[in-house]
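So the sequence shown is numbered by full-length UniProt numbering: it starts at 1 and just counts up by one.
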Amino acid sequence: MNSKTGWKVGELANQTGLTVRTLHHYDKIRLLTPSQRSGAGHRIYNEADIARLQQIMSLKQLGFPLEDIKQMIESPDFEPTKVVQLQLERLNDQIRIQEQLRSQLTIIYELLKTKQDVSVKHLINLIEVINMDNYFTQEQLNKMKSLGDQYGPEEKRKHEQEMSDIVSNIREEIRKGTAPDNPKAIELARRWKELTEKFTGGDENIVKAAEQFYKENPDTPVENYGVDEEVYRFIKNAMSHA
């Protein structure tokens with residue numbers, strides 16, 4: 001049985017695969033501060049500190065920024081079991097996507113091995129699984145599809161046109177140098193947010209994933225209405241003044 005109850009920063013870095021620099025940074029921003037000191041004045045991490053580090057790394061893996069993680073962990077309502085549950089859900093989503101990827105690759109492999117033609121449909125399906133896996137979980141994809149299926153073709157076209165108009169107006173305000181705290185900018189950002197929530201259910205993680213997807217795939221065949229990092233930044237700044 002390991003009876004060790006204290007770890008210096010170098011020891012903890014070596015055993016966890018983290019860098020000393022990372023641990024020092026966490027200490028500097030008071031996200032993870034060693035609870036004890038040795039007789040020589042060295043900072044020592046105890047078991048409670050390591051439990052907190054596990055929670056930090058789990059939340060970081062789930063995509064939360066460090067400032068949000070600090071607030072979450074220090075909240076009296078924080079539940080460590082919820083973090084593990086979220087990780088398990090994410091892992092299950094990743095497993096489902098990997099199973100889809102394996103299925104598509106198996107089909108293509110068998111076709112190639114038997115000298116058969118690989119259809120464009122098979123290739124597109126494979127590319128879609130590979131690409132979307134980098135941004136969205138299967139749960140998020142299912143949720144977006146379910147939300148989108150609530151609207152008929154005419155209503156979808158109406159929403160698409162409205163979104164396109166909002167983004168065009170936002171770009172015009174950016175061109176004119178309109179400040180994000182301007183009432184017109186705030187109203188445009190509010191309308192964009194309301195429309196976006198129709199297809200994301202207000203899920204901030206989906207919104208963040210979509211931002212990253214469209215930022216890195218500007219030529220995607222999925223209509224993105226010209227929304228890029230500049231537009232998102234303007235919208236976020238305006239919403240902070242709402």
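Glycine residues also receive a C-beta, built at the ideal position from the N, C-alpha and C atoms.
From which residue to which residue does the alpha helix (DSSP H) around residue i run?
i    : result
I29  : Premise fails: I29 is in no alpha helix (DSSP H) and is neither H nor E.
A40  : It is not in any alpha helix (DSSP H) - A40 carries neither H nor E in the DSSP assignment.
P180 : Counting along the chain, P180 falls outside any alpha helix (DSSP H), and DSSP gives it neither H nor E.
A242 : Per DSSP, A242 belongs to no alpha helix (DSSP H) and is neither H nor E.
T16  : V9 to T16
On a Cα-Cα basis, can you pick out the residue from the options that is closest to residue i?
i    : options                  : result
I29  : Q61, Y109 and E67        : E67
G201 : I186, P153 and K145      : K145
R43  : K113, T33, W192 and D203 : T33
Q87  : L59, G39 and S35         : L59
R171 : E160, K184 and H159      : K184
D149 : K113, Q94, F199 and T16  : F199
Q71  : R52, E89 and V84         : R52
E204 : R37, A40, V20 and K236   : K236
Just to check my reading of the structure: residue i and residue j have Cβ atoms closer than 8 Å, yes? What is that Cβ distance to the nearest angstrom?
i    : j    : result
A242 : A179 : Incorrect: roughly 14 Å between the Cβ atoms, too far for contact.
L195 : E230 : At roughly 19 Å, the Cβ-Cβ gap does not stay under 8 Å, so L195 and E230 are not in contact.
R191 : I174 : Not confirmed; about 16 Å, so no contact.
I206 : Q116 : Contact doesn't hold; Cβ gap of about 38 Å is too wide.
V9   : L31  : At roughly 14 Å, the Cβ-Cβ gap does not stay under 8 Å, so V9 and L31 are not in contact.
Is the CB of residue i under 8 Å away from at least one CB in chain B?
i    : result
I206 : Included in the structure is just one protein chain, with no chain B present.
Where are the beta strand (DSSP E) runs, 3 residues long or more, that stay fully inside the region 51 to 113, in chain order?
If we require 3 residues or more, the region 51 to 113 turns out to have no beta strand (DSSP E) run fully inside it.
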